[in-house]
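Numbering (the UniProt record's numbering), first residue to last: 1 to 525. Glycine included, each C-beta is placed from N, C-alpha and C at the ideal position. Since the model is a prediction, treat every value here as computed from it, not as a measurement. Notes follow the structure.
Shown next as structure tokens:
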């Protein structure tokens, strides 16, 4: 039996396009990780050449896990929208031509702390203890090799036969997420109402966990469980359905001010949902899950200015993928010549997941300086094209960002590798964790002085720092990718038009020259 108990299958796909859960994929020596995989939804022209394919490798943050695990944890159920499967779908929409590989932490301590022990050593809270060599890159390479073999070996009928069952399960998960968000929204609205009449005794409470430890305005329920507030424009449509019952949310609310406030919020949400549904076609068949991924962004340096461009790009990718799927008789075409370890690699770390990217930098330096003749590792390093740090952070008080000049010099010498930093005020503008801001500044400025190809984006800088905008950097990052993709498409179209015009002009000039020669010949006769 592959990966777990006797009841587990090789995978649990939502559709033939994923996401798939592949359990206990073997890596370096005795290490193994569970993986969420989404195949590309747009077929490349050169699909038979593995080196022309791209694999997106994602390492998530604290709280992010399988949806059923998050649903049972009172501290994380409000963030089920950003579970590992939804994150894979979100990344697939941003990178429709790429293989999406979400690597689940080897353990979730207290169902909260993401611990990537197979890549970087750390304590029970996942605070890293970086070493020059922990064989993290070798583990990644072995994971990609064995993942390819596992995906190819899955019987086709197993994938297709489970589609209906998995789709129903996905709908149930989405309903549970909506119910959890509704409960948290009610608690938040009630807390706001009570705070107007009397000061709250438990209005703030420190939590000694990575990204959650400095959350402000925390609401505590009767059992002492921490309830995290949900941003108003993100309450699911289920809220509107419930609010139809005499305007009372959660049954029995008698405060008119609360009801009026909630009714206004619901009306705004309904308008936003209608506008979003009209503008964007979701690319994934699992609409129940994807419906929770639509988020409006305000004061976002990338998303707000280019939201319409991102929507157009999404619609374009949707149309392309639909036509590709309909024209291809094999729904599992993405398994042809699948060799993920030979693909170009894009490494993405979010929050706690950035500790894995930092460990990779240590090992880059080790391999480049101490074992430069290791040809196999050199080939792996040459395939890494981009590294993304998305609002990196962990529970420790140092080493959130790499600041060693020698390590960053080695990173700069990685030919063809682009470095991207996406931030929110939650991490870099928190006065209670000033070392994060200082280290990120050193990281970015030193790489710029070394002439490294680095970009930096600060999102939601006009909004108060909170945990929800920290998670929403995933949305902002994907919007940014959408906008860049559209710009590239426009440039390619313009170049195509220019080449076409030049060709037409050349043909016309040739024809004119031929006519002139004929006329001259006739005159000579």
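Exposure of residue i, with buried meaning 16 or more beta-carbon neighbours within 10 Å
i           : result
residue 175 : exposed
residue 287 : In this prediction, residue 287 scores a pLDDT of 36, lower than 50, which makes its location untrustworthy; no coordinate-derived value is stated.
residue 152 : exposed
residue 425 : buried
residue 491 : exposed
residue 308 : Bear in mind that the predicted position of residue 308 carries a pLDDT of just 44, short of 50, making it too unreliable to give a figure here.
residue 405 : exposed
residue 321 : With a pLDDT of only 45 at residue 321, under 50, the local geometry of the prediction cannot be trusted, and the value read off the model is given with reservation. Answer is buried; the Cβ neighbour count reaches 16.
residue 20  : buried
residue 355 : buried
residue 86  : buried
residue 32  : buried
residue 34  : buried
residue 358 : buried
residue 451 : exposed
residue 138 : buried
residue 497 : exposed
residue 205 : Its pLDDT being 34, under 50, residue 205 is placed unreliably in this model, and the value from its coordinates should be taken loosely. That one is exposed.
residue 432 : exposed
Where the beta strand (DSSP E) through residue i begins and ends
i           : result
residue 352 : Element bounds for residue 352: n/a, residue is neither H nor E.
residue 387 : 384 to 390
residue 133 : No beta strand (DSSP E) contains residue 133, which DSSP labels as neither H nor E.
residue 80  : Run containing residue 80: none; DSSP gives neither H nor E here.
residue 54  : 54 to 59
residue 33  : 32 to 38
residue 24  : 20 to 26
residue 107 : 107 to 109
residue 114 : 113 to 115
residue 100 : 99 to 103
Boundaries of the alpha helix (DSSP H) in which residue i is found, first to last residue
i           : result
residue 137 : 136 to 153
residue 88  : 84 to 94
residue 336 : Counting along the chain, residue 336 falls outside any alpha helix (DSSP H), and DSSP gives it neither H nor E.
residue 69  : 67 to 71
Spatially closest choice to residue i from the options, by CA coordinates
i           : options               : result
residue 95  : 409, 362, 479 and 357 : 479
residue 18  : 102, 25 and 74        : 102
residue 351 : 331, 469, 172 and 484 : 469
residue 459 : 452, 339, 473 and 335 : 473
residue 26  : 60, 72 and 104        : 104
residue 461 : 423, 467, 497 and 486 : 423
residue 141 : 378, 125 and 39       : 378
residue 475 : 90, 449, 331 and 389  : 90
residue 66  : 22, 43, 41 and 53     : 22
residue 110 : 82, 411 and 76        : 76
residue 157 : 331, 427, 430 and 43  : 331
residue 434 : 453, 125, 410 and 393 : 393
residue 179 : 467, 72 and 427       : 72
residue 457 : 28, 421 and 348       : 421
residue 389 : 395, 349, 376 and 124 : 349
residue 36  : 83, 447, 359 and 502  : 83
residue 97  : 40, 489 and 496       : 40
residue 182 : 60, 347 and 81        : 81
residue 127 : 61, 70, 93 and 69     : 61
residue 68  : 488, 172 and 451      : 172
residue 123 : 136, 99 and 395       : 395
residue 366 : 52, 28, 410 and 345   : 410
residue 430 : 452, 391, 455 and 449 : 391
residue 136 : 360, 427, 44 and 482  : 360
residue 477 : 495, 455, 447 and 493 : 455
residue 448 : 482, 463 and 413      : 413
residue 485 : 93, 362 and 52        : 93
residue 403 : 56, 362, 79 and 64    : 362
Minimum Cβ-Cβ distance from residue i to chain D less than 9 Å
i           : result
residue 147 : Among the protein chains of the structure shown there is no chain D, as only one such chain exists.
Next item on the list: Scan the stretch 449 to 490 and note each continuous beta strand (DSSP E) run of 3 residues or more that stays entirely inside, going in chain order.
Entry: The DSSP assignment places complete beta strand (DSSP E) segments of no fewer than 3 residues inside the stretch 449 to 490 at 454 to 458, in order along the chain.
Next item on the list: Pick out the complete beta strand (DSSP E) segments inside the stretch 413 to 451, 3 residues or longer, and give them in chain order.
Entry: As far as the stretch 413 to 451 is concerned, its whole beta strand (DSSP E) runs of at least 3 residues are 418 to 423.
Check: Pairing CB atoms from the stretch 388 to 403 with CB atoms from the stretch 424 to 443, are three or more of them under 8 Å?
Finding: Yes, they touch.
Check: Does the pairing of the stretch 377 to 396 with the stretch 411 to 419 give three or more beta-carbon distances under 8 Å?
Finding: Output reads yes: the stretch 411 to 419 touches the stretch 377 to 396.
Next item on the list: Decide yes or no for the touch test of the stretch 126 to 135 against the stretch 358 to 373: beta carbon pairs closer than 8 Å, at least 3 of them.
Entry: The stretch 126 to 135 makes contact with the stretch 358 to 373, as at least three CB pairs between them are under 8 Å.
Next item on the list: Would you check if the stretch 142 to 149 and the stretch 331 to 343 touch, i.e. whether three or more CB-CB distances between them fall below 8 Å?
Entry: Contact between the stretch 331 to 343 and the stretch 142 to 149 is present, because at least three Cβ pairs lie under 8 Å.
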